[in-house]
Amino acid sequence: MMPTVTLSNGARRALLLAPALIFLAVFFVMPLLDNSARSFIREGGFTLSRYTDFLTDRFYLGVIAETVILSAAVTAISVLIAYPVAYVLVRKAGGFSGLMIFFLIAPLLTSIIMRTFGWQVLFARRGLVNQWLVNDLGLLDAPLRWLNTPGLAIAALVHVLVPFAVLSIASVLQGVDRRLEEGALMLGASRIRTFFEVTLPLTVDGIGTGAILVFMIANGSFVTLVLLGGGFQTLPLLIYQQFNTTRDFALASTMSTILLMIALACLWLQLRLLRRQGV
Amino acid sequence: MTMNRRRFLGTAGATTTLLGLSGLPLRAQGGTLNVTAYGGVWEQAIRDCFVAPFEAKTGATATVSLGGPAQWLSQVEANPEQPPLDVLIMSPDLAVLAAEGDLMDDFTVEKLPNLQYIPQEFTDACLGKGTYFDYGVGGITYNKQIVSEPPRSFADFVERVSSGEFIASVPSISYGPTTVFFLWAINNALGGDVDNVDPFFEAMAKMKDNLVFWAGPNDFFNHLASGEADLGIYFDGRTWNHVDEGVDWIDFINPEEGGAMTAVAIQKPKNASDLAWDYLNEVLDAGNQAKFAEILNYGVTNTQVEYSEKLASRVTPLSEANLPPYADIARVRNDWIDRWNREIGM
């Protein structure tokens with residue numbers, strides 16, 4: 001008979017957590033620390049000069065502002081579009097809800113590059129949309145230039161990110177107790193008042209989760225902006241350039257750390273706002 | 280929960296071994312060489328034209344790592360004592376950086392007999408630590424169905440795009456070679472030099488309302504195919520590749536001022552396997568290079584190469600292309616990129 005080792009509850013928990021913690025430590029925490037360390041070291045000594053240089057340069061401050069504003073705009077539009085879609089999905093779609101979920105998820109199965117090329121084909125100067133407007137419908141004398149405009153870049157990002165918001169909101173909406181809404185209606189509240197005073201507050205958690213998810217992904221979005229331009233200069237684009245073109249790894253690390261701090265600050269702010277709502 | 284002690288120790292041991300193994304450097308050893316290639320048709324051409332004859336002659340094997348020069352150079356920089364790659368394909372500017380960093384071995388005719396057929400200026404451009412084996416020329420590619428009278432020079436291109444006669448697709452700053460085959464080439468054509476790029480930025484300011492930017496070569500073709508642009512700045516070889524694929528509506532012009540020669544360099548990291556010299560000699564071989572040129576529609580550097588009739592009419596002769604001063608450009612390139620970011624955007 002072989003001797004056996006009896007593990008306490010704590011040890012058992014630690015053993016179960018170990019693979020995930022080791023994975024995170026090796027593939028996330030260590031590279032992150034190594035990357036950040038580059039930005040603080042110059043000629044063998046500790047320095048904050050890269051951060052002071054970066055944060056006192058009007059051009060780079062503009063880039064930070066553009067990154068945050070773009071992410072916030074994409075998040076706001078995505079949530080505004082996602083809520084009605086989630087509402088219909090949960091409350092109205094009935095037997096078609098499966099089909100709706102399929103249509104929501106189907107674009108995610110396609111490469112983001114292919115989806116972005118689709119926007120190029122549709123909105124090119126001699127693309128399908130301009131052909132309709134100019135040749136078929138006669139609404140315009142000359143084709144419009146859609147590509148490389150901020151509006152199209154934002155639309156493409158929203159297109160990519162709306163499903164994340166819909167799924168987050170829908171899962172919370174599904175759990176809302178319908179009797180609360182029925183109670184409000186029975187007590188004389190209109191449908192609109194019931195929505196704004198009962199349904200919406202009860203789904204703030206889903207809105208918050210969706211908003212955080214969309215904001216984080218938009219904050220680091222790269223491919224869509226590279227391919228569709230829009231004139232945006234965001235931190236991910238500059239980071240890629242520093243790593244890939246100028247090979248200024250220290251500056252890239254500085255930008256990466258600042259981008260991470262912005263993401264964490266926004267996450268903290270959103271969580272605080274949600275808690276204030278009592279969620 | 281109970282766990283057999285032997286099983287517990289076995290699991291822990293296996294985990295430790297796996298973690299330890301994951302830290303081992305990937306390195307070509309013994310009779311195996313690790314060479315590099317870009318993806319797609321490039322990879323196949325490298326395998327057919329250089330890897331196959333190398334393996335046939337030496338009995339060794341060569342594995343092909345796909346990627347790009349910046350990534351490969353970083354891999355060598357991270358482990359110069361035991362470089363994970365034995366042969367690097369490099370952009371000319373990074374080849375200069377790698378040579379200046381003393382990361383690469385010297386190229387000599389003693390080690391590489393075929394080097395005697397490569398113009399010395401190409402080895403000099405790599406500071407003696409590498410040479411060019413393949414080149415394309417950046418010029419004007421246009422849609423023949425839209426543009427009946429294409430610009431014949433860079434100066435004409437700038438004027439006519441500025442006036443709104445054409446919408447042009449030009450490389451964005453996120454594409455590595457942009458600073459050479461676009462920025463330097465236009466600047467040079469308009470009278471600027473490495474230390475004065477005002478002519479280029481003034482031209483861009485004039486053209487800005489009629490420009491779209493491509494982030495990668497396929498992006499350029501999409502701009503032309505979708506009608507977003509009428510013409511643009513592109514490479515000769517890539518244009519001919521599209522023609523061979525059945526795209527009969529595009530054509531290429533080497534501008535009168537001469538397009539910038541955008542070369543591909545090869546280098547051997549210090550401490551890489553000596554087998555690399557045999558492979559590199561195959562890369563510089565006239566027969567192998569001729570075959571490579573036929574596949575890719577790009578010029579090659581061995582002076583003994585005889586192109587087919589079709590290719591001879593397409594490849595821009597070395598005499599009609601400008602060899603950019605890559606070492607000087609490497610010195611100021613980051614300043615140019617910073618100025619581009621601030622004045623033009625990404």
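Taken in order, these protein sequences are the chains called B and F. With the first letter of the first sequence counted as 1, position 231 gets the number 231 in our numbering; the numbers rise by one all the way through. With the first letter of the second sequence counted as 1, position 187 gets the number 466 in our numbering; the numbers rise by one all the way through. Even glycine gets a Cβ: it sits at the ideal position worked out from N, Cα and C.
- Under the Cβ criterion of 8 Å, residue 135 (chain B) is not counted among the residues facing chain F.
- Counting of Cβ neighbours within 10 angstroms places residue 456 (chain F) among the buried residues, the total reaching 16 or more.
- Contact check for residue 593 (chain F) and residue 581 (chain F): beta-carbon distance about 17 Å, past the 8 Å limit, so the pair fails to qualify.
- Residues of the segment 500 to 512 of chain F whose Cβ lies closer than 7 Å to any Cβ of chain B, in chain order: 501, 505, 506 and 507.
- With a threshold of 8 Å between beta carbons, residue 87 (chain B) makes no contact with chain F.
- Separation of residue 373 (chain F) and residue 262 (chain B) (C-alpha to C-alpha, rounded to the nearest whole angstrom) is 33 Å.
- Within the same chain, Cβ atoms closer than 6 Å to the Cβ of residue 433 (chain F) are found at 465, 468, 534 and 536, the five residues on either side in sequence being excluded.
- Three or more beta-carbon pairs drawn from the segment 152 to 169 of chain B and the segment 108 to 121 of chain B are found closer than 8 Å, and the two stretches are therefore classed as touching.
- For the set F:337, F:518 and F:371, the Cα lying nearest the Cα of residue 602 (chain F) is the one of F:371.
- The closest CA to that of residue 475 (chain F), considering only F:522, F:608 and F:349, is found on F:608.
- Look at the segment 374 to 399 of chain F: the residues with a C-beta under 8 Å from a C-beta of chain B are 376.
- About 16 Å separates the beta carbons of residue 611 (chain F) and residue 539 (chain F), which is beyond the 8 Å limit, so they are not a contact pair.
- In terms of beta-carbon proximity, residue 24 (chain B) stays away from the interface with chain F, with every pair separated by 8 Å or more.
- For residue 548 (chain F), the secondary structure class from DSSP, reduced to helix, strand or coil, is strand.
- Distances from the CA of residue 270 (chain B) to each of B:66, B:216 and B:146 were compared; the closest alpha carbon is that of B:216.
- Using a CB distance cut-off of 8 Å, residue 267 (chain B) does not count as an interface residue toward chain F.
- For residue 414 (chain F), the uninterrupted beta strand (DSSP E) run begins and ends at 410 to 422, by DSSP.
- For residue 603 (chain F), there is no enclosing alpha helix (DSSP H), since its DSSP letter is neither H nor E.
- With respect to residue 165 (chain B), residue 68 (chain B) sits apart: the two C-beta atoms are not nearer than 8 Å.
- Closer than 9 Å at the C-beta level to chain B, one finds these residues of the segment 451 to 477 of chain F: 451, 452, 453, 454, 455, 457 and 458.
- The three-state reading of DSSP puts residue 530 (chain F) in strand, counting E and B together.
- Around the beta carbon of residue 103 (chain B), fewer than 16 other beta carbons lie within 10 angstroms, which makes this residue exposed.
- In this structure, residue 420 (chain F) lies near residue 529 (chain F), with their beta-carbon atoms less than 8 Å apart.
- In the DSSP annotation of this structure, the continuous segment of the alpha helix (DSSP H) that includes residue 210 (chain B) starts and ends at 204 to 219.
- The Cβ neighbour count for residue 209 (chain B), taken over all protein chains shown within 10 Å, is at least 16; the residue is labelled buried.
- Residue pairing for residue 343 (chain F): DSSP places it in a beta bridge opposite F:314.
- Chain-ordered, the chain B residues with CB closer than 7 Å to the CB of residue 621 (chain F) read 59.
- Counted as a single uninterrupted DSSP element, the stretch harbouring residue 392 (chain F) is not any beta strand (DSSP E), since DSSP gives it neither H nor E.
- A contact is defined here as three or more CB-CB pairs under 8 Å, and the segment 554 to 565 of chain F meets this definition with respect to the segment 327 to 337 of chain F.
- Take the alpha-carbon of residue 578 (chain F) and the one of residue 595 (chain F): they are about 7 Å apart.
- As DSSP reads the structure, residue 372 (chain F) sits in no beta bridge.
- Beta-carbon to beta-carbon, residue 546 (chain F) and residue 367 (chain F) are separated by about 5 Å, close enough to satisfy the 8 Å threshold.
- Per DSSP, reduced to three states, the secondary structure at residue 429 (chain F) is coil, with no helix or strand assignment.
- From the listed residues F:314, F:531 and F:439, the smallest Cα separation to residue 364 (chain F) is found for F:314.
- The beta carbon of residue 129 (chain B) does not come within 8 Å of any beta carbon belonging to chain F, so the residue lies off that interface.
- For residue 41 (chain B), the pairing in a beta bridge is given by DSSP as B:46.
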